[in-house]
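Keeping their order, the protein sequence lines are chains A and B.
Heads up: the first sequence is residues 918 to 1305, going by the working numbering.
Heads up: the second sequence is residues 5 to 347, going by the working numbering.
Data first, discussion second: the structure below is written as structure tokens.
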Amino acid sequence: MTFKKFESKDILYNVLETNPEQFFEIYDAKIYRNKQTHVVGQFTSSVPNVPTGFVSLYELNVDRNETDTGLIYPFVTKDSSLVGTKTISTTTFNSDFLYGDTISGSYPLSSSIKRDYYQLGQARPEVDALKNTLNNYIIRSPHFAYSSSLGDKATQRLNLISIPSILYGSSIKTTSLELNFYISGTLIGTLKDETGNGQMIQTGPEGSVGSGSCAGVALYDEGFLVLTGSWNLDSTTRNYLNDPGNLREPSWLFFGVGANDGIPAGTIPSSSYSMKMSGVNRIPNLTMFAHADKGEMNHSNNPTYIKFGQGTSPVTGTIGYSEPANLEIKNIVSSSYVDPPAEFQKTTYISKIGIYDEDKNLIGIATMATPIKKTQNRDLTFKLKLDI
Amino acid sequence: MATTFKTLVLDKDVANTRTMLHEAIPLTGTIVSGTYGDENIKNYAHGMFQSVYDYPYLSSSANHIFDLTVGYSSTSALSGTTSIQNAKKINIYNQMAQVLVGYNETGEIREFDRDGNFAGGGDKLQECLFINFSRLLTKDEIKKGSFIFTALTGGTPVAPTDALTISDYGATSTYLTNSPAGEYAVLYTSSAAVAGTGVGLLYYQAGIAVLTASVFDGTFGAPAATYDTSSIEAVLTGSEISSSCDGIRNRWQDCDYNNTTELNSTIYFCRAGSNEFNYSSNPTYLSGSKIRVKNESTDSPSSFVTTIGLYSEDNELLAVAKVSEPLKKDPSNELTLRVRLDY
């Protein structure tokens, strides 16, 4: 095996940015993600084994139940590396399990958007935890301030939409967020961040109440929407609080009612919501150019490289060991005639490229879809791409 | 942004560990045949193997779980010009044998050996059923000693009976390493590894189970088969590879194994001695140019550790570890924070 070293110009590092789009529709306490419908399976009430609108982390246990098919589940044996599952607390790990015991988890692990509504003065630890983060973004807009003349997020009525990072990657793409509020199928409000500074401005419908006003802020890197816009989008009161004695007009405080917030189906059948966004997912990749220049890579150690029928066994004896010299290479150059044959040319077929580290450990193999013919007067460059 | 750094001592503060994570994989006969009316079974125009999915494969929810195929050696009694797909069955056998068994000293393809001992001669498995489990399920390898395959070997294709359990008994400690595809063990039907009674081989890293066709000693085939189902030999010679695959699925009662994922970790022990890290460069640490946490000049300083930064030799920030809640640090205590990096 001969090696050829990559030069600095042969290795490129790049980052590929992808923007996966997500579209959520919320209606009657159900979330629909990317227009996926609810499919009943043979063994489960929902084929992916997670409710609609949820992402299944490993996408295992598709249409499986405990009784008929068994469930795939993870487990680890407690040892000195002290690795357990995340559902086991440190105290439980230390006290309830001996070394050698099996610690089991369960699949599927799922995730979806979640809404939290806070009444005036209600305790809100989730919002309090975002205090420093919100204040950090004041430079973008004064509406981010946790407490200011524009409102006090510690006490005011507030609607918090949490978006888990599995749905967007590194961050939510600025200007991609769009929220729509519908009553009986009629659009009564649209929120967008057209400038990309995180302010969610009501942009529609044209001439609607509150149009042009800021209804909240978006934390793109963290995956939160903090909605505080309390103006009425419609004059009819409805049961947004799941309290028939306390009906309210629709406002951005009630965007996403039913999205994993504990409000049951049938409470507000006339209201529906949609949320559109794109994520930012960065994939670092490595591009390597492997050159087979003229006069290189023209010999092979493959047994088929030499003419068939020649004795290749080594000669061994008490005084030496020798392999046969002057083995004839098979001429594979095509000729139009049986005789004379075509003029001999060293020809190889490159089928694989091995990538080695500086200690000559094989760390990767690139395989061609079809072997590439290499002759002595032919230059070849192979472009290898590796996502890292 | 840190202004002071503490150098990790490689032989004292850095440790590498490897943890084995496992998943229990049940593959019941209900998935493999019957439930979805073969909508989860994909046959190809080349006819050389059959793919099995856990749900109808036209659905985006479906996962590929394994491939099934059969083959026999060119020296097998079943090999002959009258056998259907004879060349393909030989090619399949040779292909699997090349990858899993390798070549002998004269460059010929070795046949599957019943006990894996080539030097000792012995029986060869010349007519084989191959189950190639998907990488999604086997991950890095199948856990040794965890494989249990239950086949129904009696009755008829319409009503198969007589469950036979096949397992890699004793493989936790006794497995073979003379395969180019990694470690493997012999599959037995009894409750223990009895020499010379193996009915197949299980390749752990490759995720392939090889069963001898003689396991199925009665009728064999799909319930609605139009071909000769009187024996597995009849199916292997008189019908296509896909028919044999249908036969295996029909006889499949259950298959369970555990997979393994190697989790490599580096643990950095970040030590804060009694007189270290008691001050902070955080702007909130000062109030009116005085240290906020000190009321008197004689008071001890204190800080709250929230984040640990791991830096390169050139002081480039490589990674950040966050603690779930800030830890108070003052001269009266010492902290050792264990930072684990998995990869």
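Even for Gly, the Cβ is constructed at its ideal location relative to N, Cα and C.
All figures in this text were calculated on a predicted structure; none of them were measured in a lab.
N- and C-terminal bounds of the beta strand (DSSP E) containing residue i
{"i": "Lys-1031 of chain A", "result": "1031-1035"}
{"i": "Glu-1095 of chain A", "result": "1095-1100"}
{"i": "Arg-1199 of chain A", "result": "1188-1209"}
{"i": "Leu-1075 of chain A", "result": "1075-1079"}
{"i": "Ala-1286 of chain A", "result": "1279-1292"}
{"i": "Asn-136 of chain B", "result": "131-137"}
{"i": "Pro-937 of chain A", "result": "Taken as a continuous stretch (DSSP letters only), Pro-937 of chain A belongs to no beta strand (DSSP E), as it is neither H nor E."}
{"i": "Tyr-949 of chain A", "result": "947-950"}
{"i": "Val-343 of chain B", "result": "339-346"}
{"i": "Phe-70 of chain B", "result": "68-76"}
{"i": "Pro-330 of chain B", "result": "321-333"}
{"i": "Leu-314 of chain B", "result": "307-315"}
{"i": "Glu-976 of chain A", "result": "First-last for Glu-976 of chain A: undefined, no H or E at that position."}
{"i": "Ala-213 of chain B", "result": "212-216"}
{"i": "Thr-994 of chain A", "result": "990-994"}
{"i": "Ser-1307 of chain A", "result": "With chain A covering 918 to 1305 only, the question about residue 1307 of chain A has no answer from this structure."}
Contact set for residue i: own chain, Cβ-Cβ below 7 angstroms, skip 5 residues either direction
{"i": "Leu-1067 of chain A", "result": "Pro-1059, His-1060"}
{"i": "Leu-12 of chain B", "result": "Val-18, Tyr-272"}
{"i": "Arg-1057 of chain A", "result": "Asn-1114, Gly-1115"}
{"i": "Tyr-1137 of chain A", "result": "Ser-1088, Ile-1089, Thr-1091, Gly-1115"}
{"i": "Ile-295 of chain B", "result": "Tyr-289, Pro-305"}
{"i": "Ala-175 of chain B", "result": "Lys-148, Gly-149, Ala-189"}
Same chain, Cβ closer than 6 angstroms to residue i, five either side skipped, listed in chain order
{"i": "Pro-1306 of chain A", "result": "An answer regarding residue 1306 of chain A cannot be provided, because it is not within the stretch 918 to 1305 covered by chain A."}
{"i": "Ser-1130 of chain A", "result": "Gln-1119"}
{"i": "Ile-1267 of chain A", "result": "Ile-1289, Lys-1291"}
{"i": "Ile-1280 of chain A", "result": "Ile-1272, Asp-1274"}
{"i": "Asn-1049 of chain A", "result": "none"}
{"i": "Ile-1080 of chain A", "result": "Ile-1030, Gly-1140"}
{"i": "Gly-225 of chain B", "result": "Pro-161, Thr-233, Val-239, Gly-251"}
Listed by chain order, chain B residues near residue i by CB distance under 8 angstroms
{"i": "Val-993 of chain A", "result": "Thr-23, Met-24, Leu-25, His-26"}
{"i": "Gln-959 of chain A", "result": "Thr-39, Tyr-40"}
{"i": "Glu-976 of chain A", "result": "Ser-65, Asn-67"}
Whole-number beta carbon distance between residue j and residue i, since they are thought to touch under 8 angstroms
{"i": "Ala-1132 of chain A", "j": "Thr-1145 of chain A", "result": "7 angstroms"}
{"i": "Leu-1047 of chain A", "j": "Phe-920 of chain A", "result": "With a Cβ gap of about 54 angstroms, Leu-1047 of chain A and Phe-920 of chain A do not count as contacting."}
{"i": "Tyr-76 of chain B", "j": "Glu-131 of chain B", "result": "4 angstroms"}
{"i": "Met-1214 of chain A", "j": "Asp-927 of chain A", "result": "At roughly 15 angstroms, the Cβ-Cβ gap does not stay under 8 angstroms, so Met-1214 of chain A and Asp-927 of chain A are not in contact."}
{"i": "Asp-945 of chain A", "j": "Gly-1196 of chain A", "result": "27 angstroms between Cβ atoms; not a contact."}
{"i": "Ala-155 of chain B", "j": "Gln-257 of chain B", "result": "6 angstroms"}
{"i": "Pro-1201 of chain A", "j": "Val-964 of chain A", "result": "Not quite, the Cβ-Cβ distance comes to about 34 angstroms (not below 8 angstroms), so this is no contact."}
{"i": "Tyr-1085 of chain A", "j": "Met-1194 of chain A", "result": "7 angstroms"}
{"i": "Trp-1148 of chain A", "j": "Gly-1127 of chain A", "result": "4 angstroms"}
{"i": "Gly-106 of chain B", "j": "Asp-117 of chain B", "result": "Contact flag wrong, Cβ pair sits at about 11 angstroms."}
Residue i: contacting residues in chain A (beta-carbon distance under 8 angstroms)
{"i": "Leu-267 of chain B", "result": "Val-1000"}
{"i": "Ala-66 of chain B", "result": "Val-979"}
Contacts that residue i makes with chain A (C-beta to C-beta distance below 9 angstroms)
{"i": "Pro-387 of chain B", "result": "This structure cannot settle anything about residue 387 of chain B, because the visible part of chain B is limited to 5 through 347."}
Endpoints, alpha helix (DSSP H) assigned at residue i
{"i": "Phe-1010 of chain A", "result": "1007-1013"}
{"i": "Pro-1042 of chain A", "result": "1042-1045"}
{"i": "Ala-28 of chain B", "result": "Careful: Ala-28 of chain B lies outside any alpha helix (DSSP H), inside the beta strand (DSSP E) at 18-32."}
{"i": "Lys-1048 of chain A", "result": "1048-1053"}
{"i": "Leu-1164 of chain A", "result": "No alpha helix (DSSP H) holds Leu-1164 of chain A; DSSP gives it neither H nor E."}
{"i": "Lys-93 of chain B", "result": "90-104"}
8 angstroms CB neighbourhood of residue i in its chain, flanking five on each side removed
{"i": "Gly-51 of chain B", "result": "Gln-89, Lys-92, Glu-244, Ile-245, Ser-246"}
{"i": "Ser-1125 of chain A", "result": "Ile-1105, Gly-1106, Gln-1119, Leu-1150"}
{"i": "Leu-999 of chain A", "result": "Phe-1010"}
{"i": "Thr-961 of chain A", "result": "Asp-980, Arg-981, Asn-982"}
{"i": "Ile-170 of chain B", "result": "Ile-152, Phe-153, Thr-154, Ala-155, Leu-191, Tyr-192, Thr-193, Val-203, Gly-204, Leu-215, Val-219"}
Beta-carbon neighbours of residue i, restricted to chain B and to distances below 9 angstroms
{"i": "Val-964 of chain A", "result": "Tyr-59, Ser-63, Ser-65"}
Partner residues on chain A for residue i, Cβ-Cβ distance less than 7 angstroms
{"i": "Thr-34 of chain B", "result": "Asp-985, Thr-986"}
Item to check | Length at least 4, wholly inside the region 226-256 of chain B: the alpha helix (DSSP H) runs in chain order | outcome: 236-242, 245-254
Item to check | Segments of 3+ residues assigned as beta strand (DSSP E) that fall wholly inside the region 140-181 of chain B | outcome: 152-159, 164-171
Item to check | Complete beta strand (DSSP E) runs within the region 1102-1165 of chain A (minimum length 3 residues, chain order) | outcome: 1103-1109, 1116-1121, 1131-1136, 1141-1144
Checklist entry - For the region 1237-1277 of chain A, which segments carrying the beta strand (DSSP E) assignment without a break, of at least 3 residues, lie completely within its bounds, in sequence order? => result 1264-1273
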